[in-house]
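Enquirer: After the structure tokens below, expect a handful of questions from me.
Residue numbers (this note's numbering), protein chains in the order written: chain A, 220 to 795; chain B, 34 to 360.
See the structure below:
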């Protein structure tokens with residue numbers, strides 16, 4: 220069949236479709252979003268980028284992504300912001316493919332004081348900003364001070380909570396205070412020596428020093444920690460200086476950003492691309508169509524069309540990678556009924572997460588019984604299958620032990636969801652499973668995203684599909700504040716003396732092996748005692764990648780923000 | 034007429050004040066705020082963000098600040114790009130505040146998106162008027178014949194199909210399968226990026242205008258003065274153009290005002306499907322994210338456009354029907 224005939228066929232189909240719709244003329248416009256269909260097999264995660272091998276000198280890439288909220292690394296919390304910021308700035312350290320901190324702008328690993336509270340870091344000689352100005356220890360100190368400055372309201376300040384005086388300054392109700400800033404434990408001893416003082420030893424602090432909220436700020440452009448950072452607009456690229464592999468050359472809000480290689484980049488891997496265009500597209504189905512037509516080289520897969528995409532691109536272009544996030548069914552433990560462990564276990568064991576995954580997420584996620592993913596120091600997905608895995612008889616036994624045999628007398632609980640097809644699917648799935656296996660009924664309460672978040676924060680919920688996405692690859696990020704009694708993010712009010720005691724032992728433990736073992740114990744207690752969450756699925760990213768590119772791959776540790784390999788953009792290229 | 038126009042413009046001020054006031058208090062009454070995220074922020078962060086955007090102040094004080102930023106008198110050195118010299122014109126500041134998402138000025142956000150939305154909206158409006166009126170007139174002149182049925186079919190189908198259905202169909206067939214047009218973006222003068230968004234956005238109003246035009250022209254064709262014009266031996270095109278269409282315009286103009294306002298203020302659906310950076314998407318996304326600054330800005334902007342579009346329609350009535358005079 221020749222191409223023109225195919226085109227005529229499409230034209231005829233189009234006309235038929237328009238006529239058919241016109242005849243139907245029923246005006247059905249209530250729902251365009253499809254229920255995801257079960258997916259098939261997926262590719263295994265790949266190894267770290269094949270650094271630089273076979274890359275042509277030059278070329279351009281256009282990558283579909285969602286626009287971030289801003290350009291200020293000391294304020295940002297949005298994954299798209301962080302993705303872009305890691306392309307144009309770099310911290311003292313960077314995580315390698317095994318999530319181990321390696322020197323980036325630092326010359327070597329930090330030298331620690333005897334009590335592990337003072338970090339002395341030597342910065343590499345001869346570092347320059349993209350505009351040619353010297354990049355010094357003062358710039359790194361300024362970056363940290365910016366994050367601790369209450370007037371900047373940086374959303375990830377809490378990650379720097381162990382830095383001496385940072386919390387006190389940030390929590391100052393009157394805003395910026397020069398005296399309080401003066402005692403924040405960060406100081407440039409000279410141009411190449413930075414000293415950071417912690418209030419208490421934090422074994423993960425080197426990892427923290429690889430994160431965006433510690434990126435340097437160009438002190439020659441913004442001398443004070445409260446100086447406003449340029450907004451994401453057309454003028455921003457020229458108002459900033461960069462120390463990452465690429466620098467921002469154009470920014471069109473709502474449309475795109477353009478990057479070019481930073482001539483003063485000092486990393487081992489040199490960027491080869493002439494230009495990277497980040498095309499801001501809100502809707503993944505749109506970016507998927509743009510990938511089909513070759514308008515973009517990379518796109519995130521529309522989860523609602525996952526099965527179709529997997530079939531369409533199974534041999535080329537499709538890549539699945541694990542993403543360090545876990546979701547499940549959160550339960551308000553202050554609720555009289557849900558306070559009973561047997562009730563929580565009954566709900567957990569009555570849920571077939573495998574089928575839920577297939578029904579609502581196109582099998583695009585990974586069923587699990589571990590809260591902390593294995594790549595982040597947790598257990599294997601099936602580690603606690605025998606305790607909390609899907610088992611109807613066990614679920615019914617737990618419900619009976621709680622005094623609600625066959626569901627008799629069980630109050631009607633409510634599940635609070637955001638109005639989206641996937642959330643509706645999950646809620647209806649739980650509703651059906653609980654009715655079928657336990658004889659209990661739950662109501663579904665649908666609200667918009669902001670209301671749902673507000674209700675969660677106010678602890679005004681009974682059941683709540685939710686979870687956690689990791690900020691940095693260590694189990695403490697999955698536990699501290701989330702499961703300790705009174706933790707700032709513990710909205711389900713998990714309160715378990717055993718967990719609290721283990722957290723106390725682990726938090727400042729400088730014996731790394733012992734620390735990790737303690738966190739694994741906590742992980743086990745969280746899931747087996749359903750302490751606020753019935754664990755269900757690990758998240759995954761699904762990418763469409765032009766096969767004629769290099770470096771847009773991911774390591775097994777899941778460091779991507781939103782684009783495959785965006786944590787090491789300098790390795791991107793096109794084949795020779 | 035001049036007095037009427039001035040009075041109408043002055044009336045727009047209290048209308049906008051009422052719109053702004055109702056929107057402001059409704060917006061704050063809705064549960065959830067701009068810093069309620071999927072991933073919760075610690076209390077200290079929320080407190081600092083609230084202070085940064087004045088949300089820690091009493092609601093009435095926030096309202097007062099908003100109004101003051103709008104009406105605060107300042108002098109302008111230039112208007113619409115035309116230099117006036119330093120401090121030559123005094124007027125309200127019209128500062129709509131900042132976006133709580135990215136800290137950008139709402140005025141800037143709207144003006145950036147507006148250029149694209151106006152280009153898209155104007156061309157879609159032109160398409161809607163030309164196609165809609167042509168179909169309507171042709172249908173009326175061929176009443177109960179094939180062309181009439183064809184026109185009625187188009188207007189029924191166009192009205193029944195939501196624009197996201199049309200847009201997705203067009204993209205899948207003409208971009209993905211046939212490769213005739215691009216999926217992404219809008220570029221004035223580049224047909225690959227213009228045709229599909231225009232058709233997607235303009236088809237519903239075109240269908241609506243076709244229906245109104247057909248009904249209106251049919252009514253005028255039955256008037257005595259049309260029979261008289263034909264009896265006088267006027268050529269048919271003169272009868273149609275000078276006596277029929279012009280006298281059919283009042284109901285068509287009535288719907289054109291809201292259609293114009295609707296089209297030039299952007300379409301969330303069409304802008305989303307074609308990843309067009311217009312102002313339309315801000316109407317919807319700002320509500321979902323409780324971006325108070327953008328909600329207020331886009332609402333006031335939309336109300337302003339609707340008010341002025343209706344004023345223009347009222348003025349054009351007088352041109353269309355000499356019996357209408359404003360005092």
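We put the CB at the ideal spot given by N, CA and C, even for glycine.
Being a predicted model, the structure only gives us computed values, none of them experimental.
Kindly say whether residue 85 of chain B, judged by its beta-carbon, lies nearer than 8 Å to any beta-carbon of chain A.
Expert: yes
Enquirer: I'd like to know whether the C-beta of residue 675 of chain A is nearer than 8 Å to at least one C-beta of chain B.
Expert: yes
Enquirer: If we count Cβ pairs, one from each stretch, closer than 8 Å, do we get three or more for the segment 511–522 of chain A versus the segment 675–690 of chain A?
Expert: Result no; under three Cβ-Cβ pairs closer than 8 Å.
Enquirer: What would DSSP say about residue 340 of chain B, mapped onto helix, strand or coil?
Expert: helix
Enquirer: Figure out for me which residue from A/404, A/398, A/368 and A/359 has the closest Cα to the Cα of residue 381 of chain A.
Expert: A/404
Enquirer: Checking 8 Å against the spacing of the C-beta atoms, do residue 656 of chain A and residue 614 of chain A come in under that value?
Expert: yes
Enquirer: In this structure, does DSSP put residue 636 of chain A in helix, strand or coil?
Expert: strand
Enquirer: Where does residue 298 of chain A sit, in a helix, a strand or coil, going by DSSP?
Expert: Three-state result, residue 298 of chain A: helix.
Enquirer: Per DSSP, residue 498 of chain A forms a beta bridge with which residues?
Expert: A/283 and A/475
Enquirer: Tell me the residue span of the beta strand (DSSP E) that contains residue 322 of chain A.
Expert: 320–322
Enquirer: Starting from the Cα of residue 687 of chain A, find the closest Cα among A/752, A/783 and A/449 and give me that residue.
Expert: Among A/752, A/783 and A/449, the Cα nearest to that of residue 687 of chain A belongs to A/752.
Enquirer: Check each candidate in B/244, B/238 and B/277 and name the one with the smallest Cα separation from residue 255 of chain B.
Expert: B/277
Enquirer: Please identify, using Cβ separations under 8 Å, the residues of the segment 477–500 of chain A that lie next to chain B, in order along the chain.
Expert: For the segment 477–500 of chain A, which is checked against every Cβ of chain B, the residues closer than 8 Å are 498, 499 and 500.
Enquirer: Evaluate residue 245 of chain A with the Cβ neighbour count: other Cβ atoms within 10 Å of its Cβ, from every protein chain shown; 16 or more gives buried, anything less gives exposed.
Expert: The predicted model places residue 245 of chain A with a pLDDT of 33, which falls under 50 and marks its position as unreliable; any figure quoted below should be read in that light. Exposed, since its Cβ has fewer than 16 Cβ neighbours within 10 Å.
Enquirer: Would you tell me roughly how many angstroms separate the C-alpha atoms of residue 310 of chain A and residue 737 of chain A, rounded to the nearest one?
Expert: 29 Å
Enquirer: Need the endpoints of the alpha helix (DSSP H) that residue 386 of chain A sits in, please.
Expert: 385–389
Enquirer: So, does the CB of residue 394 of chain A fall closer than 8 Å to a CB anywhere in chain B?
Expert: yes
Enquirer: Does the contact criterion of 3 or more C-beta pairs under 8 Å hold for the segment 496–512 of chain A versus the segment 345–359 of chain A?
Expert: no
Enquirer: Is there a C-beta anywhere in chain B that falls below 8 Å from the one on residue 505 of chain A?
Expert: yes
Enquirer: Looking only at its chain, what residues have a beta carbon closer than 7 Å to the beta carbon of residue 19 of chain B, apart from the 5 residues adjacent to it on each side?
Expert: Nothing can be reported for residue 19 of chain B: it is not among the residues displayed for chain B, which extend from 34 to 360.
Enquirer: Suppose only complete runs of 4+ residues qualify. What are the alpha helix (DSSP H) ranges in the segment 603–660 of chain A, listed by chain order?
Expert: 604–607, 611–620 and 640–652
Enquirer: Considering Cα atoms alone, identify which of A/781, A/299 and A/771 is closest to residue 536 of chain A.
Expert: A/771
Enquirer: Would the segment 429–440 of chain A and the segment 356–372 of chain A be scored as touching if the rule is three or more Cβ pairs under 8 Å?
Expert: yes
Enquirer: Could you run through the segment 45–71 of chain B and flag, in chain order, every residue whose CB is less than 9 Å away from some CB of chain A?
Expert: 63, 64, 65, 66, 67, 68, 69, 70 and 71
Enquirer: Note down, in chain order, every chain B residue with its Cβ under 7 Å from the Cβ of residue 218 of chain A.
Expert: Residue numbering for chain A in the displayed model covers 220 to 795; residue 218 of chain A lies beyond these limits and cannot be assessed.
Enquirer: Kindly say whether residue 102 of chain B, judged by its beta-carbon, lies nearer than 8 Å to any beta-carbon of chain A.
Expert: no
Enquirer: Could you give the C-beta distance for residue 326 of chain B and residue 139 of chain B, rounded to a whole number, given that I count them as a contact under 8 Å?
Expert: Correct: roughly 5 Å between the Cβ atoms.
Enquirer: Using a Cβ cut-off of 7 Å, pull out every chain A residue sitting near residue 140 of chain B, in sequence order please.
Expert: Neighbours of residue 140 of chain B on chain A: none; closest Cβ ~12 Å, over 7 Å.
Enquirer: Leaving out five residues on either side along the sequence, give the residues of the same chain with a beta carbon under 7 Å from the beta carbon of residue 82 of chain B.
Expert: 68
Enquirer: Quick check on the DSSP output: the alpha helix (DSSP H) that includes residue 565 of chain A runs from which residue to which?
Expert: 560–568
Enquirer: Quick one: which residues of the segment 207–218 of chain B get their C-beta closer than 7 Å to a C-beta of chain A? List them in chain order.
Expert: The residues in question are 208, 209, 210, 211, 212, 215, 216 and 217.
Enquirer: Going by alpha carbons, who is nearest to residue 695 of chain A out of A/664, A/672, A/671 and A/729?
Expert: A/729
Enquirer: Counting only the same chain and skipping the five closest in sequence on each side, list residues whose C-beta sits under 7 Å from that of residue 298 of chain A.
Expert: 780 and 781
Enquirer: List the whole-angstrom C-beta distance separating residue 675 of chain A from residue 304 of chain B, where the pair is believed to meet the contact cut-off of C-beta under 8 Å.
Expert: So it is not a contact: roughly 30 Å between Cβ atoms.
Enquirer: Quick one: residues in its chain with C-beta nearer than 8 Å to the C-beta of residue 433 of chain A, no 5 flanking neighbours on either side, listed in chain order?
Expert: 310, 311, 359, 362, 363, 366, 379 and 427
Enquirer: CB residue 290 of chain B to CB residue 345 of chain B, shorter than 8 Å?
Expert: yes
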